[in-house]
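Peer 1:
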Amino acid sequence: MRLFIALSLLLLSSLSAADNQGEQKQVFGDYEIHYIGLTSSELDKNVAKLYGIERSRNIGFLNISVLKKGQGPLPVAWNAKIKGTMFNLIGQSRELSFTRVQETSALYFYSTFDFYDQDMYRFDLKVTPEGSNRTFDVKFSQRFYRGE
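Just so you know, we're using the working numbering here: the sequence shown kicks off at 1 and counts up by one.
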């Protein structure tokens, strides 16, 4: 599980630096919603096997984490209900199904999906943190590449 966290953090930092887009998160009051999209072939083989994720250059992987400001200096992982839809450039949509992964102090939600090389996709997520009656709209676009 720690490997999953390390991989996600490593990929988040490397993709952010490579794309020069800065941190991939949106803040809603006390909540931070972090997201990262990549191809499932970029996942470590052992991590993919552990969670039953097919590694492929044609399968996208979207990882979401929800953090809430806590009593200490660092935010804490927070459970949430996540619904998501992805759209291609001509408006065709596909519902995303998220799987929850929990470790002692970490909590992630991931979804996989097929994509076409170099296509841009828009993601619309509805995130409802546990214990909250508010639903946050997280919207972003990302281009996916099959790579070598």
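Every residue gets a Cβ at the ideal spot worked out from N, C-alpha and C, and that includes glycine.
If you're wondering where the values come from, they're calculated on a predicted model, not measured in any experiment.
Go ahead and pull the three-state DSSP assignment for S111.
Peer 2: strand
Peer 1: Would you report the Cα separation of P75 and N58, rounded to the nearest angstrom?
Peer 2: 34 Å
Peer 1: May I ask you to list the residues that DSSP assigns as paired with N63?
Peer 2: I36 and Y110
Peer 1: Look up T135 in the DSSP assignment and give the residues it is bridged to.
Peer 2: T135 pairs with nothing; no bridge assigned.
Peer 1: Just mark S65 as buried or exposed, buried being the case when its beta carbon has 16 or more other beta carbons within 10 Å.
Peer 2: Sixteen is the threshold: when 16 or more other Cβ atoms of the shown chains lie within 10 Å of the Cβ of S65, as they do, the residue is buried.
Peer 1: For the alpha helix (DSSP H) holding Y51, just list the boundary residues, first then last.
Peer 2: Boundaries of the alpha helix (DSSP H) harbouring Y51: K45 to Y51, taken from the DSSP string.
Peer 1: Measure from the C-beta of S97 to each C-beta in chain C and report whether the shortest distance is under 9 Å.
Peer 2: The structure shown contains no chain C; it is built from a single protein chain.
Peer 1: Have a look at G72 and Q92 and give me their C-alpha separation to the nearest angstrom.
Peer 2: Answer to the nearest angstrom: the Cα atoms are 43 Å apart.
Peer 1: Less than 9 Å separating the beta-carbons of E130 and W78?
Peer 2: Contact: yes.
Peer 1: If you count every other CB in all the chains shown that lies within 10 Å of the CB of L89, and 16 or more means buried, which is it?
Peer 2: exposed
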